[in-house]
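Counting in this note's numbering, the sequence shown runs from 7 upward without gaps.
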Amino acid sequence: MTGFNVTILGNGSAVPTATQHPSSQIVRLSEEQFMIDCGEGAQMQMIKYKIKHRKLNHLFVSHLHGDHYFGLFGLVATFHLFGREESLNIYAPSDLQKLLEHQLRVSKTDLRFNLNFHPLEDYKSTPLFVSGDYEVTIFPLYHRMPTWGVKIRKQDNELRVDKDFVAQYSPSIDQIISIKKGADYMTESGKVLTNKEITLPVRSDKIYVYCSDTVFNEHVI
Numbered sequence: 007m008t009g010f011n012v013t014i015l016g017n018g019s020a021v022p023t024a025t026q027h028p029s030s031q032i033v034r035l036s037e038e039q040f041m042i043d044c045g046e047g048a049q050m051q052m053i054k055y056k057i058k059h060r061k062l063n064h065l066f067v068s069h070l071h072g073d074h075y076f077g078l079f080g081l082v083a084t085f086h087l088f089g090r091e092e093s094l095n096i097y098a099p100s101d102l103q104k105l106l107e108h109q110l111r112v113s114k115t116d117l118r119f120n121l122n123f124h125p126l127e128d129y130k131s132t133p134l135f136v137s138g139d140y141e142v143t144i145f146p147l148y149h150r151m152p153t154w155g156v157k158i159r160k161q162d163n164e165l166r167v168d169k170d171f172v173a174q175y176s177p178s179i180d181q182i183i184s185i186k187k188g189a190d191y192m193t194e195s196g197k198v199l200t201n202k203e204i205t206l207p208v209r210s211d212k213i214y215v216y217c218s219d220t221v222f223n224e225h226v227i
């Protein structure tokens with residue numbers, strides 16, 4: 007995967023409409039999926055956009071206004087009904103853990119899978135986790151309650167093979183893979199083409215930033 011794959015499940019304000027859902031996004035990270043906020047109707051949008059439940063490994067809630075997390079209770083219940091066994095990592099303000107545990111208790115639900123809750127407490131820029139070439143970091147926003155944004159950086163360390171070289175010499179797939187790892191190439195006549203001659207510079211890192219509810223502040227930039 008060379009870039010981000012982002013699916014907007016909802017981008018509306020606090021009150022849903024017939025055409026807009028509250029905040030929720032899915033970001034594909036290597037072989038995992040990361041949900042950012044989980045407003046009402048998020049799981050219905052997942053069905054609409056054919057997002058596979060089992061690949062959702064990480065869920066981040068920016069703050070505890072309902073339009074950013076009311077969909078979580080139903081989503082967790084659906085995972086349970088589907089027989090999910092994979093753990094789910096939830097990154098959210100600590101009070102959400104109490105709300106979720108209370109809901110499970112009053113509904114007498116004994117989940118088939120583990121919820122790994124990672125409370126957001128330090129109101130500063132903090133690394134969240136790393137998945138393959140992706141690094142996820144949170145940072146404070148400026149809202150009426152503690153609120154965090156999230157920055158996802160994809161490190162692009164892979165060399166790019168020059169298309170003109172490929173057209174001229176038709177290297178095999180295995181040779182292309184080796185070249186991307188730094189190998190030189192020997193032509194049929196025995197001439198050695200150095201890796202530098204047949205590759206292009208590594209692209210700059212790709213960054214995706216989610217800022218939900220906040221006033222303007224230069225520190226966010």
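C-beta: ideal position from N, C-alpha, C; glycine also.
Going by the CB atoms, is the gap between Val215 and Asn163 shorter than 8 Å? As a position in the sequence shown, residue 163 is number 157, starting the count at 1. As a position in the sequence shown, residue 215 is number 209, starting the count at 1. In terms of Cβ geometry, Asn163 and Val215 do not form a close pair [threshold 8 Å].
So, for Asp170: in the same chain, excluding its five sequence neighbours on each side, which residues have a beta-carbon less than 7 Å away from its beta-carbon? Within the sequence shown, residue 170 is the residue found at index 164, counting from 1. Nothing listed; no residue qualifies.
Pull up the DSSP beta-bridge partners for Thr132, would you. Translated into positions along the sequence shown, residue 132 becomes position 126. In the DSSP output, where bridge partners are listed per residue, Thr132 has Ile144.
Between the Cα of Pro11 and the Cα atoms of Ser131, Asp190, Leu106, Arg34, which residue gives the shortest distance? Along the sequence shown, read from residue 1 onward, the residue named residue 11 stands at position 5. This sequence places Asn at residue 11; Pro is not what is there. Nearest option by C-alpha distance: Arg34.
Quick check on Met41: does DSSP put it in helix, strand or coil? The count along the sequence shown starts at 1 and reaches residue 41 at position 35. The DSSP-derived three-state label of Met41 is strand.
Looking at the structure shown, is Tyr55 part of a helix, part of a strand, or coil, going by DSSP? Residue mapping note: residue 55 aligns to position 49 of the sequence shown, counting from 1. Coil at Tyr55, not helix or strand.
Identify, in the order they occur along the chain, each residue of the same chain with its Cβ nearer than 7 Å to the Cβ of Gly18, setting aside the five sequence neighbours on each side. The residue you call residue 18 lines up with position 12 of the sequence shown. Contacts found: Gln26, His27, Pro28.
Which value, in whole angstroms, describes the spacing of the CA atoms of Phe222 and His149? Mapped onto the sequence shown, residue 222 falls at position 216. Mapped onto the sequence shown, residue 149 falls at position 143. Between Phe222 and His149, the C-alpha separation is close to 10 Å.
Report the three-state DSSP secondary structure of Arg111 (helix, strand or coil). Here residue 111 is taken as the residue at index 105 of the sequence shown, counted from 1. Arg111 falls in the helix class under three-state DSSP.
According to the Cβ coordinates, are Ile204 and Ile185 closer than 8 Å? Here residue 204 corresponds to residue number 198 of the sequence shown, with the count starting at 1. Here residue 185 corresponds to residue number 179 of the sequence shown, with the count starting at 1. Yes. Within cutoff.
Quick one: complete beta strand (DSSP E) runs, 3+ long, within the segment 188-227? If we require 3 residues or more, the beta strand (DSSP E) runs fully inside the segment 188-227 come out as 212-216.
Assign His149 to one of three DSSP states: helix, strand, or coil. Residue mapping note: residue 149 aligns to position 143 of the sequence shown, counting from 1. Annotated three-state conformation of His149 is coil, per DSSP.
For Phe76, which of helix, strand or coil comes out of DSSP? The residue labelled residue 76 in the question sits at position 70 within the sequence shown. DSSP places Phe76 outside both helix and strand once states are collapsed to three, so it counts as coil.
Going by DSSP in three states, Tyr84 sits in which element: helix, strand or coil? Mapped onto the sequence shown, residue 84 falls at position 78. In the sequence as displayed, the identity of residue 84 is Thr instead of Tyr. Note: Thr84 maps to helix in three-state DSSP.
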